[in-house]
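Chemist: Have a look at this one.
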Amino acid sequence: MFWNNLKIALRNLRKNKLFAFINIAGLALGLAIYVFGGLLVNYERTHDLFFENAHRTYTIGSIAAADLDVGVDRMGSTFSAVGPIVEAEVSDVELVARTISREMLITMGAESFYQQLRFADPELLQIFDFDYLHGDASALNDPSGILVTESTAMKYFGNTDVLGKVITMDNEFEFYISAVVRDIPQNSHFNSLFIMESDLEILAPIQALGRIRDYDMAGEWDNLSLGNMTYVMLPETLGQQWLQAQIDGIYERQVPEDKKEVIAGLFVKPLAEANLAIWDMLGLPVISVVSLLSLLVLLVACVNYTNLATAQSLGRSREVGMRKTMGAERGQLLTQFLVESLTITAIAMLVAIAMLELVIPLFNSSTGKVLTLDYLSTLPWLLATTIVVGLVAGAYPAWLITRASPIDALRDVARKGRKGSRVRAFMIGAQFTISAFMLSLVTVVFMQNEKVKESSYIFPRSEVYILGRMSPDEISGRLDTLRHELEALPNVDHVGYSSQVPYEQNNTQIDITMTPGDEAGKFRIHYLAMTPEFLDAYDIPVLAGRNLSRDVSNDERSDESEVVNVLVNELALEKMGITSPQDAVNQRFYDLDEENSLREMVIVGVVPTQNITGLFNTEKPWVYMYRAKHLRTGSVRITGGNMMDTIAAIEDTWDRVIPEYPIQGRFLDEVFDEVYNILKLLNGALAGFAGVALALALIGLFGLAAFMAAQRTREIGIRKVLGANSLQVARLLVWQFSKPVLWALVIALPLAYIASKTYLDFFAERIDAQVVILLASGLVAVLLAWGTVAGHAIRISRASPILALRYE
Amino acid sequence: MLKMHDLYKVYRTDEVETVALNGINFEVDQGEFVAVMGPSGCGKSTLLNIVGMIDGLTRGDYWFFDENVAGYSEKHLSAIRKQNIGFIFQSFNLIDELTVAENIELALLYHKMPSSQRKKQVLDVMDRMGVAHRAKHRPGQLSGGQQQRVAVARAVVGNQPLILADEPTGNLDSVHGQEVMELLRSLNDEGTTIVMVTHSPSHADYAHRTVNLFDGHIVTENLRAA
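Chains A and B, in that order, give the protein sequences.
Numbered by this note's numbering, the letters in the first sequence go through residues 20 to 827 in order.
Numbered by this note's numbering, the letters in the second sequence go through residues 2 to 227 in order.
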């Protein structure tokens, strides 16, 4: 019986090639997306599991205080002072280790390069069982020892037998290689490019940081950089909840009160999820959204199948009648139809797997991930998916077609009547609800991203060449020389130095008061250190007063004077209660920060409010101060000329002035793209899902329209004989499908409104036309649906009436 | 073999009530060949469908082999049907996707029967009906007469004691019609009971008895002269 059912299933596919193709292609696409989404989510949620202690290792992260206003929710990192406290206070934990990320100029072999390094407690090597080629887990016990990966050793020394080789940091401090480990697999948080700029290549002991940068081993309460991780390994008997309770206690008792204004709490996360820190940080539930969207796409594909199969099964009513007449029981017929749908689903699953085998390598090479479709471990899931989809998608048509009594089935009552047409309309509606929802959501996200890009053009993004990593003393002593030399180059207009450049997500703030010592009246204001040329480099006008100058005393902050002249932006004036830029000039305020020594700031100029950190951030009050000590980056404004030649000239100049350090140049565009690309990635992924869902819905509608047009051929013939013209007939068919699509919009658009608002809330500056965009996307969905149906409608409405009547 | 008493079949829609069979009393003995005649819409096919238990009755009694099947569930009826009744339709009702042999085998598929025995019975009946050389063809590749032979083969392959034929010659030319009638007669000669709906008086002559229906009533019953 089973083989018989299978044979019938395959023959039916062959007989209706168009429907078979639409069914299998649609289902395969849905399954491919679903399986891919599942693999991706599983991949992202199961990082680092190859470490033996992964299941009992946790990371401690920080919850950003609500009024911190830096655009992040949760950070996977925490202050480095937390680790030693956990170790001292919670005796039941087995091991605690920290990593501190710092950028260093490394000299290894013949090459010098900048690299973000992880400085780690020696216990890190007890928690993570790296695969040692040379040396062992005691590698970081020696404050001068460092651990490198196999490919790092190969890259700089040409072999891995490099124990004892010397590495120099910051041209001064010497270390020797004490261990070489195999490269860490890509699915480790150590290699997450969202956490650190590069894969884990070098580990150095934290003690070394004490030597190089005077670092206090007890840790600090200042830095929440993503690479500053705290790992806790628990005994097998204890778990996440227990650790969270201990950590909550530590937050209450040990975190200094002023730091509680920065972080509202500490949270514990399993190591397997450490790589998801970026999404926690942005507060966007990306992983859950991927799961949901892939499931929705599969649902659209299932509904597609159900709808087409239902329409198609009506044509098989007589077969069912005949089988019933010959004694088939309903159960047997249900089995027959379900075997058919399982067969189709199984074929679709094979097609989907073939698609994934092609897509996954492309995805891996473009994202640096190592997603695999491991048949051994995924087989039960793939089988279960096939069976569930086959049964769910096939259940309704099977139920509907086998429901009729033998005589009704023989008389084809179902086809002649309108049985199931309401359910079909409902299913079209459901499909379009999902796809219109996604389409309108993706449009809002796209427009918002465009707005972010648009408003970023207030700064000349493509004309400013950024020079990074300028804080070492050897460089900062030569900044003026460098500026003079660069400004002498043709096409270089201005060279300004500053503590940060636009779009960099730094949020250094200072506490100020309007009267000296007024503790109650203090408020926070963002702080930018700069040289006077910074304003010229970015075309920032002065609205009142004057720019800072190298020639006026107190314009540059020095440790000798307690007074410093500053610029503020208009928003800062608002906060200070000053009404106009003109009134602000010569007003004073006071800095409370530095070791309680009061410093007086005199406003000498006012600049417009500009969104320095840009992207999703709000505009903020800023104070601009000329302070040499804090200058980290240079901004070289280039206008006209051949860009490549100018860059080459800038590089030559740098090499001449600062030969010991390599130049670190990039355009401001790239700084912007660093964060913007994440938004673009999100939008791209969302657009992918929406595109597939909409395509599936349209394919389904196309198939269904073809089928229903055929079903109504006789009716159309009669209408034409009675005088209906082609337009009227076409309208009739189009309207049949318009109702569910319009209903779908009524449901989808409000849902899309809510979902897109969640995304927009992430941004400080939002698009105004959210509702208009949603409505327009809805209209596009309807037009596409009409376009899909119209082809059939017009073809059939033009046919001669007698052809239509002969059909029966 | 079967007996109907005061049997009614009423079709109801929201506004209209159509009485298709109006107090029918009808009996068929084992081994009989009965023709049912009457104008279009008189209830012939309805009567046949109820006899064949593929349509339900509204009121009345229906004894099939001394068992009153009125009110039986579809599951119960289908079990009786597959053991006892074979059907032949005017429009053949063959399944296009299946070959001739598979169409015939379909009638045995729902019996609990080993595959080898099914195949043997199918081969036998195809030989008897003269369609063995077409075993692997699809219905669409056969003439109308051949298709109806396949339908007859399908009706008798399970050795059911009762064959119900609803205008079996209606879609055939006179030569092929004649052939099918000869087939039915030989089946009847072998002991199969046949109830046949027909419009053709000459084909009705093959039957032992003709029942004439008009507006849901049996108006006359004629016995054929021996």
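Glycine included, every Cβ here is placed at the ideal spot set by N, Cα and C.
Predicted, not measured: the structure shown is a model, and the values here were computed from it.
1. If we count Cβ pairs, one from each stretch, closer than 8 Å, do we get three or more for the segment 327-343 of chain A versus the segment 113-133 of chain A?
2. Please list, in chain order, all residues of the same chain as Ile-52/A whose beta carbon is under 6 Å from its beta carbon, the five residues on each side excluded.
3. Below 8 Å on the Cβ atoms is my contact criterion, and I expect Asn-105/B with Val-158/B to pass it. Report the Cβ-Cβ distance as a whole number of Å.
4. Cα separation between Val-199/A and Pro-640/A?
5. When the cut-off is 8 Å and only beta carbons count, does Asp-190/B lie next to chain A?
6. With H, G and I counted as helix, E and B as strand and the rest as coil, what does DSSP make of Tyr-826/A?
7. With which residues is Pro-254/A paired in a DSSP beta bridge?
8. At 4 residues or longer, and completely inside the segment 73-129 of chain A: list those alpha helix (DSSP H) runs for me, N to C.
9. Give the straight-line distance between the Cα atoms of Thr-19/B and Val-11/B, rounded to the nearest whole angstrom.
10. Since I believe Arg-651/A is in contact with Asp-519/A (beta carbons under 8 Å), could you give me their beta-carbon distance rounded to a whole number of angstroms?
11. Which residues bound the beta strand (DSSP E) around Ile-219/B?
12. Mind checking the segment 311-336 of chain A against chain B and listing, in chain order, the residues whose C-beta falls within less than 7 Å of any C-beta there?
13. Among residues of its own chain, excluding the 5 on either side of Ala-85/A, which ones have a beta-carbon nearer than 7 Å to its beta-carbon?
14. Put Gly-246/A into one of helix, strand or coil per three-state DSSP.
15. Taking Phe-553/A as the reference, which of Asp-570/A, Leu-48/A and Ser-517/A has the closest Cα?
16. With a cut-off of 8 Å, do at least 3 Cβ pairs link the segment 338-350 of chain A to the segment 729-738 of chain A?
17. Please check the pair Gly-171/B and Gln-91/B, which I expect to be a contact at CB under 8 Å, by giving their CB distance rounded to whole angstroms.
18. Kindly give me the distance between the Cβ atoms of Leu-375/A and Val-808/A, rounded to whole angstroms, as I take these residues to be in contact under 8 Å.
19. Decide yes or no for the touch test of the segment 63-81 of chain A against the segment 133-143 of chain B: beta carbon pairs closer than 8 Å, at least 3 of them.
20. Going by Cα to Cα distance, which pick from Gly-409/A, Leu-257/A, Met-662/A and Thr-386/A is closest to Arg-75/A?
21. Give the residues of chain B in contact with Gln-351/A, contact being defined as C-beta atoms less than 9 Å apart.
22. I'd like the span of the alpha helix (DSSP H) that includes Glu-338/A, first residue to last.
23. Would the beta-carbon of Ala-133/B be found less than 7 Å away from any heavy atom of the ligand COA?
24. Would a check of beta-carbon distances place Glu-16/B closer than 8 Å to chain A?
25. Using three-state DSSP, classify Ala-423/A as helix, strand or coil.
26. Tell me the start and end of each unbroken beta strand (DSSP E) in the segment 170-247 of chain A that is at least 3 residues and wholly inside, in chain order.
27. For Phe-721/A, which residues of its own chain have a beta-carbon under 6 Å away from its beta-carbon, when the five flanking residues on both sides are left out?
28. Thinking C-beta only, is Tyr-133/A closer than 8 Å to Leu-124/A?
29. Measuring CB atoms only, is the segment 537-547 of chain A touching the segment 500-508 of chain A, in the sense that at least three cross pairs come out at less than 8 Å?
30. I want to verify the contact list: residues of chain A whose CB lies under 9 Å from the CB of Leu-107/B, in sequence order.
31. In whole angstroms, give me the CA-to-CA distance for Val-461/A and Asn-702/A.
32. In the DSSP assignment, the beta strand (DSSP E) including Asn-588/A goes from what residue to what residue?
33. Expressed to the nearest angstrom, what Euclidean distance is found between the alpha-carbon atoms of Glu-827/A and Asn-94/B?
34. Does the distance from the CB of Ala-365/A to the CB of Leu-46/A come in under 8 Å?
35. Sorted by chain position, which residues of the same chain lie with C-beta nearer than 6 Å to Arg-225/B's C-beta, five sequence neighbours on each side aside?
36. Relative to the C-alpha of Val-694/A, which residue among Ala-373/A, Leu-301/A, Ile-531/A and Gly-183/A is closest?
Modeler: Here's the rundown:
1. Two segments are said to touch when three or more pairs of C-beta atoms, one from each, lie closer than 8 Å; by this definition the segment 327-343 of chain A does not touch the segment 113-133 of chain A.
2. The residue you call residue 52/A lines up with position 33 of the first sequence. Excluding residues within five positions, the ones whose Cβ falls inside 6 Å are Ser-313, Val-316 and Val-711.
3. Residue mapping note: residue 105/B aligns to position 104 of the second sequence, counting from 1. Residue mapping note: residue 158/B aligns to position 157 of the second sequence, counting from 1. The sequence shown places Ile at residue 105/B, rather than the Asn named in the question. About 5 Å; that satisfies the 8 Å criterion.
4. As a working note, residue 199/A is residue 180 in the first sequence. As a working note, residue 640/A is residue 621 in the first sequence. Approximately 49 Å, taken between the alpha carbons.
5. As a working mapping, residue 190/B is identified with position 189 in the second sequence. So no, Asp-190/B is outside the interface.
6. Locating residue 826/A in the first sequence gives position 807, where the first residue counts as 1. Its pLDDT being 43, under 50, Tyr-826/A is placed unreliably by the model, and nothing is read from it.
7. Numbered from its first residue, the first sequence carries residue 254/A at position 235. None, per the DSSP bridge assignment.
8. Counting only runs of 4 or more, we get 101-108.
9. On the second sequence, residue 19/B is found 18 positions in, with the first residue counted as 1. On the second sequence, residue 11/B is found 10 positions in, with the first residue counted as 1. Each residue's alpha carbon lies about 6 Å from the other.
10. Residue 519/A sits at position 500 when you count from the first residue of the first sequence. Residue 651/A sits at position 632 when you count from the first residue of the first sequence. What sits at residue 519/A in the sequence shown is Gln, not Asp. With 8 Å as the limit, Gln-519/A and Arg-651/A qualify as a contact, their Cβ atoms being about 7 Å apart.
11. Taking the second sequence and counting its residues from 1, the one referred to as residue 219/B is at position 218. Start and end: 218-224.
12. Nothing from the segment 311-336 of chain A brings a Cβ to less than 7 Å from some Cβ of chain B.
13. Residue numbering aside, residue 85/A sits at position 66 when the first sequence is read from its first letter. Non-local beta-carbon contacts of Ala-85/A in its own chain, meaning distances under 7 Å to residues more than five positions away in sequence, involve Ala-283 in chain order.
14. Translated into positions along the first sequence, residue 246/A becomes position 227. The answer is coil: DSSP assigns Gly-246/A none of H, G, I, E or B.
15. For the purposes of this step, residue 553/A is identified with residue 534 of the first sequence, where counting begins at 1. Looking at the Cα atoms, Ser-517/A is the closest of the given residues.
16. The segment 338-350 of chain A makes no contact with the segment 729-738 of chain A, as fewer than three CB pairs between them are under 8 Å.
17. The residue given as residue 171/B occupies position 170 in the second sequence. The residue given as residue 91/B occupies position 90 in the second sequence. The pair is a contact, with the Cβ atoms about 4 Å apart (cut-off 8 Å).
18. Counting from 1 along the first sequence, the entry for residue 375/A is found at position 356. Counting from 1 along the first sequence, the entry for residue 808/A is found at position 789. Going by Cβ atoms, the distance from Leu-375/A to Val-808/A rounds to 32 Å, so no, they are not a contact pair.
19. Pairwise C-beta distances place the segment 63-81 of chain A out of contact with the segment 133-143 of chain B, as fewer than three of them are shorter than 8 Å.
20. Translated into positions along the first sequence, residue 75/A becomes position 56. Arg-75/A has its Cα closest to that of Leu-257/A, out of Gly-409/A, Leu-257/A, Met-662/A and Thr-386/A.
21. Residue mapping note: residue 351/A aligns to position 332 of the first sequence, counting from 1. Near Gln-351/A (Cβ distances below 9 Å), the residues of chain B are Leu-110 and Tyr-111.
22. Here residue 338/A refers to the residue found at position 319 of the first sequence. For Glu-338/A, the uninterrupted alpha helix (DSSP H) segment begins and ends at 336-344.
23. The ligand COA is not part of the structure shown, which contains no ligands of any sort.
24. To locate residue 16/B, count along the second sequence from 1; it is residue 15. With 8 Å as the cut-off, Glu-16/B does not count as an interface residue toward chain A.
25. Here the question's residue 423/A lines up with position 404 in the first sequence. Residue state, collapsed to three classes: coil.
26. Runs of the beta strand (DSSP E) inside the segment 170-247 of chain A: 185-188, 192-200 and 221-224.
27. Position 702 of the first sequence holds residue 721/A. Thr-807.
28. Numbered from 1 along the first sequence, position 105 holds the residue referred to as residue 124/A. Numbered from 1 along the first sequence, position 114 holds the residue referred to as residue 133/A. Contact: yes.
29. Proximity of the segment 537-547 of chain A to the segment 500-508 of chain A falls short of the contact definition, fewer than three beta-carbon pairs being nearer than 8 Å.
30. Here residue 107/B corresponds to residue number 106 of the second sequence, with the count starting at 1. The contacting residues are Asn-23, Met-341, Arg-342, Met-345 and Ala-347.
31. By one-based count along the first sequence, residue 461/A stands at place 442. By one-based count along the first sequence, residue 702/A stands at place 683. Roughly 7 Å between the two C-alpha positions.
32. As a position in the first sequence, residue 588/A is number 569, starting the count at 1. Asn-588/A -> beta strand (DSSP E) spans 582-588.
33. Stepping through the first sequence from its first residue, residue 827/A is reached at position 808. Stepping through the second sequence from its first residue, residue 94/B is reached at position 93. With a pLDDT of 40 at Glu-827/A, under the threshold of 50, the predicted position of this residue should be treated as unreliable, though the coordinate-derived value follows. About 15 Å.
34. The residue you call residue 365/A lines up with position 346 of the first sequence. The residue you call residue 46/A lines up with position 27 of the first sequence. No, these two residues do not count as a Cβ contact at 8 Å.
35. Your numbering for residue 225/B matches position 224 in the second sequence. Only His-209 meet the Cβ criterion.
36. In the first sequence, the residue the question calls residue 694/A occupies position 675. Ranking Ala-373/A, Leu-301/A, Ile-531/A and Gly-183/A by Cα distance to Val-694/A puts Leu-301/A first.
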